[in-house]
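Since the structure comes first, as structure tokens, the remarks are kept for the end.
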Amino acid sequence: MRLLVVGGAGYVASLVVPLLAPRHDIHIFDRQPPADARSAHTVAQVTDHQALCVALREIDAVIFLAMGDKRFELVEAAHSNLEVAVVGLHLVLDAMHRSGVPHLVYASTMSVYGGDLLARRFGDESLPPDSDHVYGLAKRLGEAVCQSAVRRWGLSVNALRLCFPLDDAAWQREAVATDGPILATAASDLARLLEAALRHRDGFQAFTTSGDYAERIMVMSKARQQLGWAPLARPGGTDAGAV
């Protein structure tokens with residue numbers, strides 16, 4: 100599949116793009132060049148509609164991993180995150196519509212829910228997102244932008260509510276060190292999730308996802324039923340299996 104990965108030079112992309120690359124023709128779109136400059140890429144802002152339209156030529160689907168400033172204590176972070184998750188995401192979807200690209204996988208977050216996630220239980224996706232933190236707020240507004248694009252243009256979007264992505268070695272260290280549920284998601288599990296979400300196309304769908312394999316905090320039955328996905332990483336294991 101020919102994929103445009105928006106935010107493809109960032110942290111989450113660094114975990115999953117190497118795992119997706121053997122199966123897909125990947126073009127990276129980011130304001131920074133990728134670590135491997137030999138990779139096909141476009142250096143531009145996510146709000147550059149013309150650059151998006153050019154990059155979307157001959158693309159089959161889009162993965163949206165872009166996010167704003169992580170220094171959330173700064174006022175600038177509110178501007179940055181809302182610009183990326185609302186304006187930028189809308190422009191990506193608009194450019195997809197104009198370019199005939201039908202499907203987007205949106206990296207949302209379980210932080211669309213407020214408070215300490217370990218102190219809550221998420222039985223299914225019907226629980227309304229309620230975060231007022233700038234990051235969670237921006238991401239849940241991004242989900243609304245995706246829903247609007249599905250209604251208006253007939254695109255399909257899977258919003259994956261991700262939870263603390265880590266490379267597999269870091270996941271193992273955290274899993275072995277904790278006595279309670281582990282919510283972080285191993286990179287190999289995340290890559291499998293993206294593969295499944297690229298294939299599944301049914302309007303707008305949001306999915307609870309995490310590395311909570313015992314589902315003590317987060318029930319992931321919808322992801323199992325619709326995507327055929329569940330986290331495979333286990334403490335003491337080597338990895339989460341092949342992508």
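When the letters of the sequence shown are read in order and numbered with my numbering, they come out as residues 100 to 342. Glycine included, each C-beta is placed from N, C-alpha and C at the ideal position.
CB-CB length for residue i against residue j, believed under 8 Å
| i | j | result |
| --- | --- | --- |
| L217 | I316 | 6 Å |
| V183 | A165 | 5 Å |
| T284 | T307 | So it is not a contact: roughly 11 Å between Cβ atoms. |
| G222 | V142 | Contact doesn't hold; Cβ gap of about 43 Å is too wide. |
| V211 | G187 | That belief does not hold up - the Cβ atoms of V211 and G187 are roughly 17 Å apart, past 8 Å. |
| L265 | E273 | 7 Å |
| G335 | V275 | 7 Å |
| L282 | G310 | 6 Å |
| W252 | H196 | 4 Å |
| A176 | V233 | 6 Å |
Contact check, residue i vs residue j, beta carbons under 8 Å
| i | j | result |
| --- | --- | --- |
| V116 | V104 | yes |
| C152 | S207 | no |
| H126 | A154 | yes |
| A243 | G167 | no |
| A313 | P280 | yes |
| L240 | I158 | no |
| A150 | D129 | no |
| V185 | F163 | no |
| D267 | A332 | yes |
Three-way DSSP call (helix, strand, coil) for residue i in this model
| i | result |
| --- | --- |
| Q144 | coil |
| S207 | strand |
| V183 | helix |
| A341 | With a pLDDT of only 48 at A341, under 50, the local geometry of the prediction cannot be trusted, and no value is derived from it. |
| A108 | coil |
| L188 | helix |
| R101 | strand |
| A160 | strand |
| H178 | helix |
| R232 | Here the sequence assigns His to residue 232, which means Arg is not the residue at that position. Here H232 sits in coil by DSSP. |
| P117 | helix |
Check whether the segment 295–303 touches the segment 317–336, taking contact to mean three or more Cβ pairs, one atom from each stretch, closer than 8 Å.
-> yes
Item to complete: Count the C-beta pairs between the segment 221–232 and the segment 275–293 that are closer than 8 Å, then say yes if the count reaches three, no if not.
Response: no
With contact counted as at least three CB pairs below 8 Å, one residue from each stretch, are the segment 248–262 and the segment 193–207 in contact?
-> yes
Segments assigned alpha helix (DSSP H), at least 4 residues, entirely inside the segment 280–335:
286–298
task: Report the residue ranges of all alpha helix (DSSP H) runs contained in full by the segment 247–281; include only those spanning at least 4 residues, in chain order.
output: 267–276
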